[in-house]
Amino acid sequence: MTYFALLFVLAVYLQLGLGRGPAYVGLTMVSWVAAFGLAGLALSRLPAEYAPVRYADVCGCLLLAVCYLAVCGYLLAGHHTGPGLLALLGIGGFGLGISSNSLINRMTSATAPDYATDLSGVISTNAQLSGAVGVAALGAGYLAFARTGDATTSAHALAATLGACAVLALVSAGAALRAVHHTAQGNPHA
Numbered sequence: 066m067t068y069f070a071l072l073f074v075l076a077v078y079l080q081l082g083l084g085r086g087p088a089y090v091g092l093t094m095v096s097w098v099a100a101f102g103l104a105g106l107a108l109s110r111l112p113a114e115y116a117p118v119r120y121a122d123v124c125g126c127l128l129l130a131v132c133y134l135a136v137c138g139y140l141l142a143g144h145h146t147g148p149g150l151l152a153l154l155g156i157g158g159f160g161l162g163i164s165s166n167s168l169i170n171r172m173t174s175a176t177a178p179d180y181a182t183d184l185s186g187v188i189s190t191n192a193q194l195s196g197a198v199g200v201a202a203l204g205a206g207y208l209a210f211a212r213t214g215d216a217t218t219s220a221h222a223l224a225a226t227l228g229a230c231a232v233l234a235l236v237s238a239g240a241a242l243r244a245v246h247h248t249a250q251g252n253p254h255a
């Protein structure tokens, strides 16, 4: 949910709250999206028997939650944009990439090959539905808080939205940890 929501809310924040142009907005999001892609490459290079790989989705969700909270702090400290925001977005994108890739790997490993096409459809549908719900819910929350459109109000609205994203990332970390424990107890379909 938070991936598409962040892309939407950050674009609205930068354009309406700070008055930046679409090119600036697109370039700001490059660190988030590029780090997301690099995470999959990094994760695939780790040996499967390396113990922390079992917890990669948990660690990715925790890193994402920390990033959301760090961006909140950055905004509430009076920074509206800049290199600090780009670096934090890169860290968050990396965390999301680790958790997403690890979770997809966990699901495909636990599914019989006969159901691979079904799983592919479920994963794609889930991504689209959760993205739409995230944009609708978190986007509406942001827009409700950022009504005046000035930079400070918009930054506070973005911080509140990212706080909600951090909570969702922590809930996801808890769910991922539960799945790791179920798998360790011999139930790979948890």
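For the sequence shown, counting from 1, position 155 maps to 220 in this note's numbering; every step adds exactly one.
Beta carbons are placed, not taken as given, at the ideal position from N, Cα and C, and that holds for glycine.
Quick caveat, the model's predicted, so the values are computed rather than measured.
Proximity to residue i [Cα-Cα], best of the options
i           : options               : result
residue 89  : 155, 146 and 189      : 146
residue 73  : 125, 100 and 203      : 203
residue 243 : 78, 95, 171 and 139   : 171
residue 154 : 128, 210 and 124      : 128
residue 151 : 93, 231, 212 and 218  : 93
residue 132 : 177, 69 and 159       : 159
residue 219 : 238, 176 and 144      : 144
residue 126 : 76, 104, 140 and 112  : 104
residue 66  : 175, 186, 245 and 161 : 161
residue 110 : 97, 167, 98 and 99    : 167
residue 164 : 119, 85, 78 and 224   : 119
residue 185 : 79, 169 and 75        : 169
Three-state class that DSSP yields for residue i in the structure shown
i           : result
residue 85  : coil
residue 146 : coil
residue 236 : helix
residue 119 : helix
residue 111 : coil
residue 176 : coil
residue 80  : helix
residue 183 : helix
residue 104 : helix
residue 193 : helix
residue 212 : coil
residue 255 : Confidence in residue 255 is poor, its pLDDT being 48 and thus under 50, which makes the residue's placement too unreliable to answer from.
Contact under 8 angstroms by Cβ, residue i with residue j
i           : j           : result
residue 214 : residue 81  : yes
residue 108 : residue 121 : yes
residue 207 : residue 231 : no
residue 200 : residue 101 : no
residue 130 : residue 238 : yes
residue 83  : residue 229 : no
residue 236 : residue 123 : no
Residue i, buried or exposed, once every other Cβ within 10 Å from all chains shown has been counted against 16
i           : result
residue 157 : buried
residue 241 : buried
residue 138 : exposed
residue 234 : buried
residue 183 : exposed
residue 191 : exposed
residue 91  : exposed
residue 227 : buried
residue 209 : exposed
residue 95  : exposed
residue 180 : exposed
residue 189 : exposed
residue 194 : exposed
residue 211 : buried
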